[in-house]
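Residue numbers for the first sequence follow my numbering, so the first one is 4 and each next one is one higher.
Even for Gly, the Cβ is constructed at its ideal location relative to N, Cα and C.
Being a predicted model, the structure only gives us computed values, none of them experimental.
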Amino acid sequence: MPNVDKYKQVVTRFSPNPDCVLHLGSARAIILSHEYARLYKGKFILRFEDTDPKVKKPVLEFYNRIREDLDWLGCKADEEYIQSDRLPIYYKYAEQLLREGNAYVCTCPPEHFREKSLAKEPCDCRKQSAEENIKRWQRMLDGGYGEGEAVVRIKTDIEHPNPAVRDWPALRIIDPEKYPHPRVGSKYRVWPLYNIAAGVDDYLLGVTHIIRGKEHLTNQVRQEYMYKHLGWKYPETIHYGRLKITGAFLSKSKIVQGIREGVYTGWDDPRLATFAALRKRGITPEAVKKMIIDVGPKTADVTLSWENLYAYNRKILDPESARYFFVSEPTKLKVKAVPKVFTAKLPLHPEKPEMGFREYNVTPEAEAAVFWIAKRDADAAEPGKMLRFMELFNVKIESLCADFVEAMFASEAYEDARKAKAKLIHWILEGTEVPCRVVMPDASVNDGVAESACKKLKPDDVIQFERFGFVRVDENDAELTVYYAHK
RNA sequence: GCUCCGGUAGUAUAGUCCGGUCAAGUAUAACGGCCUCUCGAGCCGUGGACCCGGGUCCGAAUCCCGGCCGGAGCACCA
């Protein structure tokens, strides 16, 4: 990070608008800000930018959801500020700028100012005296102007090559009765805009390094004029490019719209790339973090693929996750002539016997022992072929019926199966199964049965269903509900 | 249209500031093999990239110019 030595303590911040939950698109700002703060033993600030009760109206529930998302990511803030608590502070600096002739209250209709500005000409309000500006400012505060009738502008360079920089607006009027703020109600009618609020706060809170999207590049240019007026030094900035993930959109408005229309089940719908959804699916915060750190802060846009995230996650999950059997689309397989009682001792993890085992007894039945196997395995079965029931025994397929497969006990030894190149399949003894529904990433549901050892699983456990994939336990009562993460 | 960014294998990233050691490293995905009582993991191997065109130079992914492509901003949004 640039110029770290220039500061006695590195201070970074993440400043979301609480108008939606957080998603992968914000991950760069959060994780890089947090990690750099930690790396340099600095401070990481969370600042809610909720100064638009009209167009980007904040919603109360999101303040907390954002805090939760940050905690989940392991990026807990050292300090927290909420801009809607700080209006008097912005007023104070607005007044100073007005008094010192570095800002003015503009009462031109927006279109009129636009025309003038595009022609590199100042509007009439620009040249009025500081006294007049203060008078107008009072009038803004007192309700003498209606919405859209007056705005405080910061003087920049009216001939700046980028028209967006010319005398930008800093505070505007929002009708407090029509658009009350969810936190402070109708207390204020003059609200600061992004550049004055963020600019003043970054200075006051001692932010040394701003890490934000490159869409803020011109905001830096704008704010630098204000900093100059105030005699402040602008912090170091890092502007990173947009992060996209193939197959998912990272647009707040689309997420909000989809939820309102009922397309999605909630903020944690598995189709979304919100942190809530990732959490529900068993994607670990460590995986997200590692990925974002590897991507780094470059200005070029990046398009990640889900596979990348899965690879990071698998690396974390694989050594830790217990293994269980899940039979998707269960089909019956009957095994005749089981000669004796067999006990299958299945390790919870193939490389870690210390994690323990689960055991099942299979006893000879008069007619046949009945198992559940996955439809996929049943479909692949051919009469005469051998199948290996993992850690149990080998069977020989005899016939395929409409709703079950008939087989004959063949042998016990694993080596037999190897020699015959038999397929290894997982199985569940009929009568011991627990119903299980797997919610897939596309929100479809895969119904099946899980082995009885799954009864003791608790919500948030992340396990691997062998030959199926990693899943996170969501609910476990009469029925087991899990969310699919990835293979 | 105007003002800024950026462009290395399928994806992401290292190298670019301070030209040579880069006939370009790494991860992941793909493919082949080994191992394994999971279609997971692990191990070994293979293929795969400097946007294009000029210029400077003994030498350019790296510097300069032009083009093409992509992105962002141009709000009384953040």
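Among the options, which residue has its Cα nearest to the Cα of residue i?
{"i": "Asp88", "options": "Asp81, Thr54, Gly451, Lys60", "result": "Thr54"}
{"i": "Lys335", "options": "Arg379, Glu310, Pro342", "result": "Arg379"}
{"i": "Arg326", "options": "Arg391, Pro350, Pro342", "result": "Pro350"}
{"i": "Lys461", "options": "Ser455, Asn479, Pro356", "result": "Asn479"}
{"i": "Glu415", "options": "Glu433, Phe392, Phe407, Thr277", "result": "Phe392"}
{"i": "Pro172", "options": "Leu100, Glu64, Val210", "result": "Leu100"}
{"i": "Asp271", "options": "Arg263, Leu281, Gly265, Asp477", "result": "Leu281"}
{"i": "Leu395", "options": "Val344, His26, Val465", "result": "Val344"}
{"i": "Asn222", "options": "Ala167, Val58, Glu433, Val373", "result": "Ala167"}
{"i": "Val298", "options": "Ala372, Arg470, Ala32, Leu90", "result": "Ala32"}
{"i": "Tyr84", "options": "Val210, Gly28, Trp140", "result": "Val210"}
{"i": "His26", "options": "Gly472, Ala384, Ala377, Leu275", "result": "Leu275"}
{"i": "Ala200", "options": "Ile92, Leu73, Phe473, Glu310", "result": "Ile92"}
When burial is assigned at 16 or more other CB atoms within 10 Å of the CB, is residue i buried or exposed?
{"i": "Glu354", "result": "exposed"}
{"i": "Thr366", "result": "exposed"}
{"i": "Cys404", "result": "exposed"}
{"i": "Ile296", "result": "exposed"}
{"i": "Gln86", "result": "buried"}
{"i": "Thr277", "result": "buried"}
{"i": "Leu390", "result": "buried"}
{"i": "Gln260", "result": "exposed"}
{"i": "Pro386", "result": "exposed"}
{"i": "Pro112", "result": "exposed"}
{"i": "Lys292", "result": "buried"}
{"i": "Ala481", "result": "exposed"}
{"i": "Arg491", "result": "What is shown of the chain runs 4 to 490, which leaves residue 491 out entirely."}
{"i": "Thr110", "result": "buried"}
{"i": "Asp257", "result": "At residue 257 the sequence reads Lys, which differs from the Asp that was named. That one is exposed."}
{"i": "Lys255", "result": "buried"}
{"i": "Pro164", "result": "exposed"}
{"i": "Arg225", "result": "buried"}
{"i": "Asn67", "result": "exposed"}
{"i": "Gln12", "result": "exposed"}
{"i": "Arg50", "result": "buried"}
{"i": "Pro342", "result": "exposed"}
{"i": "Ala377", "result": "buried"}
{"i": "Val338", "result": "buried"}
{"i": "Lys46", "result": "buried"}
Using C-beta distances below 7 Å, list every residue in its chain close to residue i, excluding the 5 sequence neighbours before and after it, in chain order.
{"i": "Arg142", "result": "Tyr148"}
{"i": "Gly359", "result": "Leu351"}
{"i": "Ala290", "result": "Leu312, Tyr315, Asn316, Ile319"}
{"i": "Glu150", "result": "Ile176, Ile177, Asp178"}
{"i": "Phe471", "result": "Phe329, Ser331"}
{"i": "Glu401", "result": "Pro386, Glu409, Ala410, Met411"}
Go through its chain and collect everything with a Cβ distance to residue i's Cβ below 6 Å, but skip five positions before and after it.
{"i": "Met229", "result": "Ile157, Gly202"}
{"i": "Tyr313", "result": "His489"}
{"i": "Leu174", "result": "Ala97, Val155, Val193, Pro195"}
{"i": "Glu82", "result": "Ile48"}
{"i": "Asp450", "result": "Arg440"}
Quick one: residues in its chain with C-beta nearer than 8 Å to the C-beta of residue i, no 5 flanking neighbours on either side, listed in chain order?
{"i": "His115", "result": "Cys126"}
{"i": "Glu454", "result": "Tyr327, Phe328, Phe329, Arg361, Tyr363, Ile431, Thr435, Glu436, Val437"}
{"i": "Val452", "result": "Phe329, Val330, Pro333, Trp375, Ile431, Glu436, Val437, Pro438, Cys439"}
{"i": "Leu161", "result": "It should be pointed out that residue 161 corresponds to Ile in this sequence rather than to Leu. These residues qualify, in order along the chain: Ser120, Lys123, Glu124, Pro125, Arg129, Arg169, Asp170."}
{"i": "Ala381", "result": "Thr334, Leu336, Leu403, Val408"}
{"i": "Asn6", "result": "Glu239"}
{"i": "Trp75", "result": "Phe278, Arg282, Pro288"}
{"i": "Ile34", "result": "Leu76, Cys78, Val291, Lys292, Ile295, Ile296"}
Within the present structure, is the beta-carbon of residue i separated from the nearest heavy atom of the ligand SAM by less than 7 Å?
{"i": "Glu114", "result": "This structure lacks the ligand SAM; in fact it carries no ligand of any kind."}
Validate contact between the stretch 284-299 and the stretch 471-487 using beta carbons, cut 8 Å, 3 pairs: yes
Stretch-stretch touch, CB-based, cutoff 8 Å, three pairs: the stretch 197-210 with the stretch 10-25: yes
Whole alpha helix (DSSP H) elements within the stretch 176-214, 4-residue minimum: 197-207
Segment contact flag, the stretch 296-311 with the stretch 236-248, C-beta cutoff 8 Å, min 3 pairs: yes
The stretch 180-189 in contact with the stretch 215-232 per 3-pair CB rule at 8 Å: no
contact_flag[the stretch 244-259, the stretch 423-440] where n(CB pairs < 8 Å) is 3 or more: no
Any alpha helix (DSSP H) of 4 or more consecutive residues that is wholly inside the stretch 242-295: 255-263, 278-284
Contained beta strand (DSSP E) runs [length at least 3] in the stretch 338-394, N- to C-terminal order: 345-350, 360-365, 372-377, 389-392
Beta strand (DSSP E) segments (min. 3 residues) lying fully within the stretch 95-120: 106-109
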